[in-house]
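Novice: Can you read through this structure? Questions will come right after.
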């Protein structure tokens, strides 16, 4: 039987594009399959903020951030918490990725035209000891052009390969099986879906119009995670995070359903760390949704008061931007699956950024003028749109009225206005003194010592009940599904491993379906900025390894 290509890549997201680009560079013939229409090329990376984890970068050094490979590895180990026998390959992938982030990553991307916004963000600050979770220094580098700017060079390389006759782009091809016709997995079969003109991210037709079967010397699976499949998220939900939420928002479209994981497992691949996942706690319903249950994450500075459903402050160090999964675990043990930010107009103008390319048109459009306009008074345009139209936003001059409306939104009298007022007044009283026992106040004062935070991320400390800083704003926050941290176990050549630990012949995996490398490069938690980079690194590795194997 003749081969239809040297390699078949399943999934045209960032990892699939990176793998295909490397195969093209090696002169290999590739069939790139995706179940969605061509307009969705790039997958979830297109919607991303474009954050990249870099170590000791020129951007960091210009901001007087002292970083090193050793410090980054310390932070990664403290965050990942590797503690299982199956963490053997994830740990090796983690060390290789930190070396990549501290080494050639930035130069490799720069050669392809990727540029970095000059202010480095400080995500996942931890708040524990030096060996615990979190980034010791700012490392979150935003791509100039956000997600689309990062996808562009890899799409360009793939389309150049198509023009040379090396890449066959086949959209609307949904894989249903991997099988063997000889000793290795070399056959990909599935269904052809009806053509669709659905806009990127919107649900496309599931009508089946035909079938296909293709053969190649190697198959690379880059099909993404499970974030759009809430039933599967709940089935894999770990006990350590409490009871799974009854209500969740989706950070990804519904077609991100994890079905390819099961197909690869049926073919002999081993899935590890199913219970490791990364979901956000600061989700708000999109007032102008693109996909079902579409949620957006708030990337907040450290000043908002974070309250549980009953109006009680979250414990130290669960402040905005410090410990995502620690916050998630705490929330799910309260008996409710929503929380609140309470803040002021002065805070929202300086500290609220919404995650995603479509929520940051200035950065996505590479407009210096519009970026500079953020310094003007008033909330950024996308944030103001949520204040005007978002169901989760309440704006009021009176705390009494604010609390009444908060309770009305949840249809439950959970928050006692007198108790919340005492909490806010006590917090505000600390603002009048240079000393404080309120560690959130200490944290926000410390944040302003970093130039990047002082310029664009942290409002000057002030009383929440100061009328000059108002009006008051309350934002209801929901759990937002996002990333699968476990997945297909792979060795350092991205070869998928079988139950016995031996490579599954002919099969490679990269991106989220492989836990961004090894079946779980992040361990239990992420340092942020590591998902896109994980797709690039594992996709590049898979493409290069497959190219060598089919030589």
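In the working numbering, the protein residues as written are 61 to 611. The beta carbon of each residue, even a glycine, is placed where N, CA and C say it ideally should be. Nothing here was measured: the structure is a model prediction, and the numbers come from that model.
So, under 8 Å CB-CB, residue 158 and residue 115 are touching, yes? Tell me the CB distance rounded to an integer number of Å.
Specialist: Sure, about 7 Å apart at Cβ, within 8 Å.
Novice: Check this for me: beta carbons of residue 150 and residue 580, under 7 Å apart or not?
Specialist: Contact: yes.
Novice: Look at the Cβ atom of residue 78, then the Cβ atom of residue 281, and state whether they are nearer than 7 Å.
Specialist: Contact: no.
Novice: Step through the CB atoms of chain D and report whether any lies within less than 7 Å of the CB of residue 344.
Specialist: Among the protein chains of the structure shown there is no chain D, as only one such chain exists.
Novice: Count the C-beta pairs between the region 532–551 and the region 417–435 that are closer than 8 Å, then say yes if the count reaches three, no if not.
Specialist: In short, these stretches do not touch, since the Cβ pair count stays below three.
Novice: What's the call for residue 32, buried or exposed, on a 16-neighbour Cβ count within 10 Å?
Specialist: Nothing about residue 32 can be read from this structure; the chain reaches only from 61 to 611.
Novice: According to the neighbour-count rule (16 or more other Cβ atoms, all chains shown, within 10 Å of its Cβ), is residue 247 buried or exposed?
Specialist: Looking at its Cβ environment, which holds 16 or more other Cβ atoms inside 10 Å, residue 247 is buried.
Novice: Would you identify the three-state DSSP class for residue 197, choosing helix, strand or coil?
Specialist: Three-state DSSP puts residue 197 in coil, outside helix and strand.
Novice: State the DSSP-derived secondary structure class of residue 598, mapped to helix, strand or coil.
Specialist: Helix, per DSSP.
Novice: Is residue 243 near residue 393, with beta carbons less than 7 Å apart?
Specialist: For residue 243 and residue 393, no; Cβs fall outside 7 Å.
Novice: Assuming residue 410 and residue 361 make a contact with CB atoms under 8 Å, what is their CB distance in whole Å?
Specialist: Correct: roughly 7 Å between the Cβ atoms.
Novice: Using only alpha-carbon positions, find the residue among 516, 107, 595, 529 that is nearest to residue 310.
Specialist: Comparing Cα positions, the closest option is 107.
Novice: Kindly indicate which three-state DSSP category residue 278 falls into: helix, strand or coil?
Specialist: Of the three classes helix, strand and coil, the one that applies to residue 278 here is strand, per DSSP.
Novice: Please state the DSSP three-state secondary structure of residue 582.
Specialist: It is coil, neither helix nor strand.
Novice: Is residue 509 helix, strand or coil by DSSP?
Specialist: Residue state, collapsed to three classes: coil.
Novice: Less than 7 Å between the C-beta atoms of residue 455 and residue 356, yes or no?
Specialist: No, Cβ-Cβ distance for residue 455 and residue 356 is not below 7 Å.
Novice: Might you give, ordered along the chain, the residues of its own chain that have their beta carbon closer than 7 Å to the beta carbon of residue 406, omitting 5 neighbours on each side?
Specialist: Here the set comprises 519, 522, 529.
Novice: Among all the DSSP beta bridges, which residues are the ones paired with residue 80?
Specialist: Looking at the DSSP assignment, residue 80 forms no beta bridge with any residue, so it has no partner.
Novice: Given a cut-off of 7 Å, decide if residue 545 and residue 139 are closer than it, judged by their beta-carbon atoms.
Specialist: No, these two residues do not count as a Cβ contact at 7 Å.
Novice: Indicate the three-state DSSP secondary structure (helix, strand or coil) for residue 233 in the structure shown.
Specialist: Reduced to three states, the DSSP call for residue 233 is strand.
Novice: Mind listing, in chain order, the continuous beta strand (DSSP E) runs of no fewer than 3 residues lying wholly within the region 400–465?
Specialist: Complete beta strand (DSSP E) runs here, min 3: 412–414, 453–456.
Novice: So what does DSSP say about residue 48, is it helix, strand or coil?
Specialist: With the chain running from 61 to 611 in the structure shown, residue 48 is simply not present.
Novice: Between the alpha carbons of residue 102 and residue 475, how many angstroms are there, rounded?
Specialist: Spanning the two alpha carbons is a distance of roughly 43 Å.
Novice: Suppose you measure from the CA of residue 96 to the CA of residue 414; what does that come to, to the nearest Å?
Specialist: Straight-line Cα distance between these residues: approximately 26 Å.
Novice: Give the C-beta separation of residue 146 and residue 286 to the nearest angstrom, bearing in mind that I take them to be a contact with Cβ-Cβ under 8 Å.
Specialist: At roughly 18 Å, the Cβ-Cβ gap does not stay under 8 Å, so residue 146 and residue 286 are not in contact.
Novice: If you count every other CB in all the chains shown that lies within 10 Å of the CB of residue 449, and 16 or more means buried, which is it?
Specialist: Residue 449 should be labelled exposed.
Novice: Got a sec? Which residues, its chain only, sit under 6 Å from residue 260 by beta carbon, not counting five neighbours each side?
Specialist: Closer than 6 Å at Cβ, skipping near neighbours: 99, 100.
Novice: Taking DSSP as the reference, what is the three-state secondary structure of residue 390?
Specialist: Note: residue 390 maps to helix in three-state DSSP.
Novice: Taking 8 Å as the limit between beta carbons, can you name the residues of its chain near residue 381, skipping five residues before and five after?
Specialist: Correct list, in chain order: 182, 183, 184, 185, 359, 360, 361, 362.
Novice: I need the straight-line Cα distance from residue 492 to residue 505, nearest angstrom please.
Specialist: Each residue's alpha carbon lies about 13 Å from the other.
Novice: Does residue 152 come out as helix, strand or coil in the three-state DSSP assignment?
Specialist: Three-state DSSP puts residue 152 in a helix.
Novice: Provide the residue span of the beta strand (DSSP E) that contains residue 67, from first to last.
Specialist: Run containing residue 67: 65–70, per the beta strand (DSSP E) assignment.
Novice: Name the DSSP bridge partner or partners of residue 357?
Specialist: According to DSSP, residue 357 bridges with 343.
Novice: Quick one: Cα of residue 473 to Cα of residue 92, how far?
Specialist: Those two C-alpha atoms are separated by around 53 Å.
Novice: Can you tell me the Cα-Cα spacing of residue 290 and residue 551, whole angstroms?
Specialist: Whole-angstrom Cα-Cα distance: 29 Å.
Novice: Does the Cβ of residue 342 have 16 or more other Cβ atoms within 10 Å, making it buried, or fewer, making it exposed?
Specialist: Buried, since its Cβ has 16 or more Cβ neighbours within 10 Å.
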